[in-house]
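**Student:** Have a look at the structure that comes next, please.
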Amino acid sequence: MSTSVPFRVHIAASVIIAAALPFLVPSTVLATEILIFGMAVIGCNLLLGYTGLLSFGQALFFGAGAYIASLTAIHWEIGLIPVLLLTILAGAILAAIVGYLAIRRQGIYFVMLTLAFGQLGYYIAFLAEEITGGEDGLLDVPRPPLELPLLPDMTFANDASFYGLTAVIFVLCFLMMQRLVDSPLGSVLKAIRQNEKRAEAIGYQVRLYKIAVFAFSGAITALAGGLYAMMLNFAPLSNIDIETSEQILFMAVLGGLGSLYGSVIGAGVFLVASDFFSELWPRWMLLLGLFLVVVMMFAPGGLWHGLVVGFERLRGRHKTSTEENDHG
Amino acid sequence: MLTKGKMIVAAASALMITSGVATAAELTIYNVASVSGAFANFGKQAEKGVKLAIEAKGKAAGMDLKMVTVDTESNAGKAARKVKAVIGKDDAKFFIGSTLSSTALAVGKEVNKAGGIYINGSGADEITGKQCNKSMFRWSAPTYGAVNASLTTVLDRNPNIKTVYTITPKYVFGEAMLENAKILLEKRGIKLVGNSYHSLKESEFSGYIGQAMAAKPDLLLLLNFGSLATNTIQQAVNFGLKDKMKILLVWSNGIDHLRTLGPKISEGIYFGSQYWHDEEAPANKEFVALSRKMFGETPNYPMAHYYQMTKLMLDAIDKVGTDPVKIRAHLEGLSYAGITGDEMIRAEDHQVEKYFYLLEGKAKADMNDDDDLAATLSKKKYFLPTSETGCVLG
Numbered sequence: 151m152s153t154s155v156p157f158r159v160h161i162a163a164s165v166i167i168a169a170a171l172p173f174l175v176p177s178t179v180l181a182t183e184i185l186i187f188g189m190a191v192i193g194c195n196l197l198l199g200y201t202g203l204l205s206f207g208q209a210l211f212f213g214a215g216a217y218i219a220s221l222t223a224i225h226w227e228i229g230l231i232p233v234l235l236l237t238i239l240a241g242a243i244l245a246a247i248v249g250y251l252a253i254r255r256q257g258i259y260f261v262m263l264t265l266a267f268g269q270l271g272y273y274i275a276f277l278a279e280e281i282t283g284g285e286d287g288l289l290d291v292p293r294p295p296l297e298l299p300l301l302p303d304m305t306f307a308n309d310a311s312f313y314g315l316t317a318v319i320f321v322l323c324f325l326m327m328q329r330l331v332d333s334p335l336g337s338v339l340k341a342i343r344q345n346e347k348r349a350e351a352i353g354y355q356v357r358l359y360k361i362a363v364f365a366f367s368g369a370i371t372a373l374a375g376g377l378y379a380m381m382l383n384f385a386p387l388s389n390i391d392i393e394t395s396e397q398i399l400f401m402a403v404l405g406g407l408g409s410l411y412g413s414v415i416g417a418g419v420f421l422v423a424s425d426f427f428s429e430l431w432p433r434w435m436l437l438l439g440l441f442l443v444v445v446m447m448f449a450p451g452g453l454w455h456g457l458v459v460g461f462e463r464l465r466g467r468h469k470t471s472t473e474e475n476d477h478g
Numbered sequence: 007m008l009t010k011g012k013m014i015v016a017a018a019s020a021l022m023i024t025s026g027v028a029t030a031a032e033l034t035i036y037n038v039a040s041v042s043g044a045f046a047n048f049g050k051q052a053e054k055g056v057k058l059a060i061e062a063k064g065k066a067a068g069m070d071l072k073m074v075t076v077d078t079e080s081n082a083g084k085a086a087r088k089v090k091a092v093i094g095k096d097d098a099k100f101f102i103g104s105t106l107s108s109t110a111l112a113v114g115k116e117v118n119k120a121g122g123i124y125i126n127g128s129g130a131d132e133i134t135g136k137q138c139n140k141s142m143f144r145w146s147a148p149t150y151g152a153v154n155a156s157l158t159t160v161l162d163r164n165p166n167i168k169t170v171y172t173i174t175p176k177y178v179f180g181e182a183m184l185e186n187a188k189i190l191l192e193k194r195g196i197k198l199v200g201n202s203y204h205s206l207k208e209s210e211f212s213g214y215i216g217q218a219m220a221a222k223p224d225l226l227l228l229l230n231f232g233s234l235a236t237n238t239i240q241q242a243v244n245f246g247l248k249d250k251m252k253i254l255l256v257w258s259n260g261i262d263h264l265r266t267l268g269p270k271i272s273e274g275i276y277f278g279s280q281y282w283h284d285e286e287a288p289a290n291k292e293f294v295a296l297s298r299k300m301f302g303e304t305p306n307y308p309m310a311h312y313y314q315m316t317k318l319m320l321d322a323i324d325k326v327g328t329d330p331v332k333i334r335a336h337l338e339g340l341s342y343a344g345i346t347g348d349e350m351i352r353a354e355d356h357q358v359e360k361y362f363y364l365l366e367g368k369a370k371a372d373m374n375d376d377d378d379l380a381a382t383l384s385k386k387k388y389f390l391p392t393s394e395t396g397c398v399l400g
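Here the protein sequences line up with chains R and E, keeping their order. The numbering used here numbers the first residue of the first sequence as 151 and each following residue consecutively. The numbering used here numbers the first residue of the second sequence as 7 and each following residue consecutively.
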C-alpha cells in the first residue's frame, strides 16, 4: 500500500489480519507463530526493503531477544511489560552496535560482516551454556502476567490467550512501523535505498540514519524473539542460528520487499507452506525453493506486489469494460 | 431430479455412513521424528518402525490405529511448536520418539503439561534424571549405560590401553557421555590425554583427528553419533589412526553405521549399539521377520527402537484403555519380553532397563551375508541406581 492510504485503513487492515488469522490456519499456535515471524520480517524489511541493507544477522537479534526475555522472565518476577521493554531495549542497543560496525563497509563486505556477527552470536550462545542452556536451550520459560494499574493481573497460560496478547502487540508494532515508513524518516530511508550518494549529497547523515534503522529493526526483531520463546516456553539455540536469518530473509523476499503487508504475507505463506510441504516430502525445502522461483518469475516484487498488480489489472479491465458499456 | 425412493436410499446411506464414522473409533499415535533436516534419514527409518508396530498390532482397545508424524525438522523449536499445535488442535495424548535429546526435553515438557504419555529413545541422562516427569518414559539405555557397557568390555579385552582421547559433540548428550567416560576411566586408572569438542553442525573433523594423533592415545573414544560419527570414523581411518590405536564409537546406529562405512573401514572398530538384529530373543526374531516381510530389509536401530516404543504404548492401551493415568500406572514397574530380551520399566524414573551391545566390525572375508557386518562381543545392562538419578517425577 502506498503512503497515500489513510492511516485508519492500516488500523482496520492490521486488526482484520490479527482477528482472522486463527480461522485461516490449522492451529492457534501456528497463527501465533505467523504474527511473531511477521514482526521479525518487518524488522528485516525495514533494513532490506526500505533502506537496501541486506542483513544475514537477523537471527542475532531474534535469538538475543529470546534469551533476554527468557532470562528476565525466569529469574526476575517483574511482569510482562518490563520484560518486553528490556527485550526491545537490548535488541535496539545490540543492533545499533552491529549496525555501527557493519555499515563501515558496503556491498558484499557489509553482508559478510552481518553474517559474521550472526555467527559470533551463535557461538557465544552455544558456548555460554550456563546462561543460555547451550544446545539444549532454555527450558521452562514462563509467560509473565500483564500487570496494569487498577486492573487484575492478566495471565496467558493457554494458547488462545497468548494469541490475543501477540495479536495486540502485533497490531501496535505494525502500526508504529507503518507510521515510521510513512514519516519523513521513512522517505529518507527510501532515498538511501534508491541512491545513497545523492541522499548524502543533499545533506542527510546517511550513517546515522542507517544506525537508527538498524536499532528499529533490532528492537522489533528482538521483541519477536522474546514472544517466540514465551510461546514455546522454551528458547532453543536454533533461534540464533544462521538458518533463522535465512528463513526471515526468505519470508521477506517471498512476501515482497518494501511493504509491511508483504512481510506478514511472506511469514504466513512460508510457515503454512513449510508445514504442508514437510508432510509431503523430506526434502521439502526444495519444493519451497521452487515455489520461490515461481513467485519470483511471475511476481518479481513478491506475493504482495503480485496481488496489488493483479488487483489493479482487474480494476483496470473492469473500468475499461464499464466505460465501453457506458459508451455502447 | 431424485425420485422419492432414491432419496430414501440416499438418506439411509448417508445415515449409515455417518453412523459408521461416529462409531469407528480411531487411536492416533504421534510419531515425533526428524523426517526432514539434518537427521532426515534417521526419521524415515523411525517412521517405518512405528508403521511396523501399528501393522503388527492391527487394533488396540478395539480401535483402529493411525500414525501422524510430527516432523521436527531436526530443530527443537519447531518440534515444540508442532507438538504444542497438535495438542491444542487434536487433544493429542500419545507421543513416540525424538532424534535429539534437546527435542525430547522440550517435547516432554509439553506432553506432561497436556497430561499425555511420551515414550522416547533419546540419550541424555536428564530425561530420566533431573528433567524427568511423570509423562515421559525412555526406552534406550542412557549415556551412563552406553558408556559403561561398551567401554568396560573394550578395556577388559585390551588391558594394554592406558591412555584415551575423546571427541565429543558440544551439547547435553555429548557432555553426559564425556562425564560418564571420565568417571569410568578414572576408576580404571586410565589417563584421558585430551578431548576435542565439536558442534552439531560440524562435518570436517580432520583438525580434531590431528589433535588426537598428536596426543598418541591407545584408544580413540568417539562420543558423537549419526553422520557426525560416520564422518569422524572415515576421516580417522583415512589418517591411518586405525593402525595406531583402538577406536570405539560408543553410540552407533548399529547396522546403519556398519553399512555406510563398509567392512574395509569398520573392520576391527568397536561399536556400541542399543540394538543388534542378530539378538536371539523371540520378540526380536518376530520383529526381524516382520521387517523383512514388510520392507524387505533387516531392521536398524531407529526402526527397532521406534517399533519397540510404539509396541509398548499400544500394548498398554490395549490392556488398560486410553486413560493416560492408567497407562502410566500400568507401565511403571512393567516387565516384558522386548527386542533385546527381558526388559523392565523402572517405576521411580521411567527408565527401561534393557541390554546394550558391543560389536566389532568384521572383515569382508568373515561375513556370512550382507548383514553380518559385526560380531557381538557383549550385551550388558548398566543403569544408575534410582537413588542417584536425581529424578523426582512431577
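C-beta atoms are modelled at their ideal positions from N, C-alpha and C, and glycine is treated no differently. It should be emphasised that the depicted structure is a prediction, and the values quoted were computed from it without experimental measurement.
1. Got a sec: is the Cβ-Cβ distance from residue 382 (chain R) to anything in chain E below 8 angstroms?
2. Could you please tell me which residues of the region 156–186 of chain R, in chain order, have their CB closer than 8 angstroms to any CB of chain E?
3. What does residue 178 (chain E) reach in chain R if we use C-beta pairs closer than 9 angstroms?
4. Which runs of the alpha helix (DSSP H) at least 4 residues long sit entirely within the region 109–177 of chain E? Give them in chain order.
5. Could you tell me which residues DSSP puts in a beta bridge with residue 259 (chain R)?
6. May I ask which residues mark the beginning and end of the beta strand (DSSP E) holding residue 77 (chain E)?
7. Within 8 angstroms (strictly less), CB to CB, does residue 263 (chain R) reach chain E?
8. Excluding sequence positions up to five away, which residues of its chain have a Cβ less than 7 angstroms from the Cβ of residue 118 (chain E)?
9. Rounded to the nearest angstrom, what separates residue 380 (chain R) and residue 223 (chain R) at their Cα positions?
10. Which runs of the beta strand (DSSP E) spanning at least 3 residues fall entirely within the region 271–307 of chain E, listed in chain order?
11. Would you tell me roughly how many angstroms separate the C-alpha atoms of residue 213 (chain R) and residue 146 (chain E), rounded to the nearest one?
12. For the beta strand (DSSP E) containing residue 314 (chain R), name the first residue and the last one.
13. Since residue 348 (chain E) is in the beta strand (DSSP E), which residue starts that stretch and which ends it?
14. Enumerate in chain order the residues of its own chain whose CB-to-CB distance from residue 328 (chain R) is below 7 angstroms, with the five nearest sequence positions on each side excluded.
15. Do residue 287 (chain E) and residue 382 (chain E) have their CB atoms nearer than 8 angstroms?
16. Cβ closer than 9 angstroms: which chain E residues qualify as neighbours of residue 433 (chain R)?
17. Which first and last residues belong to the alpha helix (DSSP H) in which residue 349 (chain R) is found?
18. Hey, is residue 87 (chain E)'s beta-carbon within less than 8 angstroms of any beta-carbon in chain R?
19. Which chain R residues sit within Cβ distance under 7 angstroms of residue 136 (chain E)?
20. Starting from residue 367 (chain E), trace the beta strand (DSSP E) in both directions and tell me its first and last residue.
21. Please tell me whether residue 94 (chain E) has its Cβ less than 8 angstroms away from any Cβ of chain R.
22. When we look at the beta-carbon of residue 374 (chain E) and count the other beta-carbons within 10 Å, is it buried (16 or more) or exposed?
23. Grouping DSSP H, G and I as helix and E and B as strand, with all else coil, what is residue 198 (chain E)?
24. Among E:35, E:109, E:283, whose alpha-carbon lies nearest the alpha-carbon of residue 59 (chain E)?
25. First and last residue of the alpha helix (DSSP H) that includes residue 233 (chain E)?
26. Mapping the DSSP letters down to three states, classify residue 204 (chain E) as helix, strand or coil.
27. Helix, strand or coil: which one does DSSP assign to residue 373 (chain E)?
28. Within 10 angstroms of the Cβ of residue 162 (chain E), are there 16 or more other Cβ atoms? Answer buried if so, exposed if not.
29. Here's a check: name, in chain order, each residue in its chain whose Cβ is nearer than 8 angstroms to the Cβ of residue 236 (chain E), leaving out the five neighbours to either side.
30. One question on the structure: do residue 377 (chain E) and residue 304 (chain E) come within less than 8 angstroms of each other, judged by their Cβ atoms?
31. Compute the distance between the beta-carbons of residue 406 (chain R) and residue 414 (chain R), then report whether it is under 8 angstroms.
32. Specify the secondary structure class of residue 100 (chain E) as computed by DSSP and reduced to three states.
33. What does residue 388 (chain R) touch in chain E if you count any residue whose Cβ is under 7 angstroms from its own?
34. Can you confirm whether residue 460 (chain R), when its beta carbon is compared against all beta carbons of chain E, has any partner nearer than 8 angstroms?
35. Is residue 108 (chain E) close to chain R, meaning its C-beta is less than 8 angstroms from at least one C-beta of that chain?
**Tutor:** In short, the structure shows the following:
1. Answer yes: the Cβ-Cβ gap between residue 382 (chain R) and chain E drops below 8 angstroms somewhere.
2. For the region 156–186 of chain R, the set of positions with a beta-carbon nearer than 8 angstroms to some beta-carbon of chain E reads 176, 177, 178, 179, 180, 183 in chain order.
3. Result: 279, 283, 284, 285, 286.
4. The alpha helix (DSSP H) runs lying completely inside the region 109–177 of chain E and spanning 4 residues or more are 149–163, given in chain order.
5. According to DSSP, residue 259 (chain R) bridges with nothing at all.
6. Start and end: 69–77.
7. So, not an interface residue.
8. Close CB contacts of residue 118 (chain E) within its chain, under the 7 angstroms cut and outside five residues either way in sequence, are with 139, 140, 141, 142 (chain order).
9. Taking the straight line from one Cα to the other gives about 9 angstroms.
10. Qualifying beta strand (DSSP E) stretches, in chain order: 276–279.
11. Going by the C-alpha atoms only, they are around 32 angstroms apart.
12. Run containing residue 314 (chain R): none in the beta strand (DSSP E); it sits in the alpha helix (DSSP H), 309–332.
13. Counting along the chain, the unbroken beta strand (DSSP E) around residue 348 (chain E) starts and ends at 347–351.
14. Non-local C-beta neighbours of residue 328 (chain R) in its own chain, meaning closer than 7 angstroms and more than five positions away in sequence, comprise 160, 410, ordered along the chain.
15. Not closer than 8 angstroms, so no.
16. In chain order: 42, 46.
17. For residue 349 (chain R), the uninterrupted alpha helix (DSSP H) segment begins and ends at 346–352.
18. So yes, residue 87 (chain E) belongs to the interface.
19. Those do not exist, as residue 136 (chain E) stays about 11 angstroms from chain R at its closest Cβ, beyond 7 angstroms.
20. Per DSSP, residue 367 (chain E) belongs to the beta strand (DSSP E) from 362–367.
21. Judged by the 8 angstroms Cβ criterion, residue 94 (chain E) is in contact with chain R.
22. Exposed.
23. Residue state, collapsed to three classes: strand.
24. Here the closest residue by C-alpha is E:35.
25. In the DSSP assignment, residue 233 (chain E) falls within the unbroken alpha helix (DSSP H) covering 232–244.
26. Strand.
27. Shown here, residue 373 (chain E) sits in coil according to DSSP, grouped into three states, outside any helix or strand.
28. Residue 162 (chain E) should be labelled exposed.
29. For residue 236 (chain E), where only same-chain residues beyond five positions count, the Cβ hits under 8 angstroms are 263, 266, 267.
30. Yes, the Cβ-Cβ distance between residue 377 (chain E) and residue 304 (chain E) is below 8 angstroms.
31. Contact: no.
32. Three-state DSSP puts residue 100 (chain E) in a strand.
33. Chain-ordered, the chain E residues with CB closer than 7 angstroms to the CB of residue 388 (chain R) read 81, 82, 83.
34. False, the Cβ-Cβ gap to chain E never drops below 8 angstroms.
35. Residue 108 (chain E) has a beta carbon lying within less than 8 angstroms of a beta carbon in chain R.
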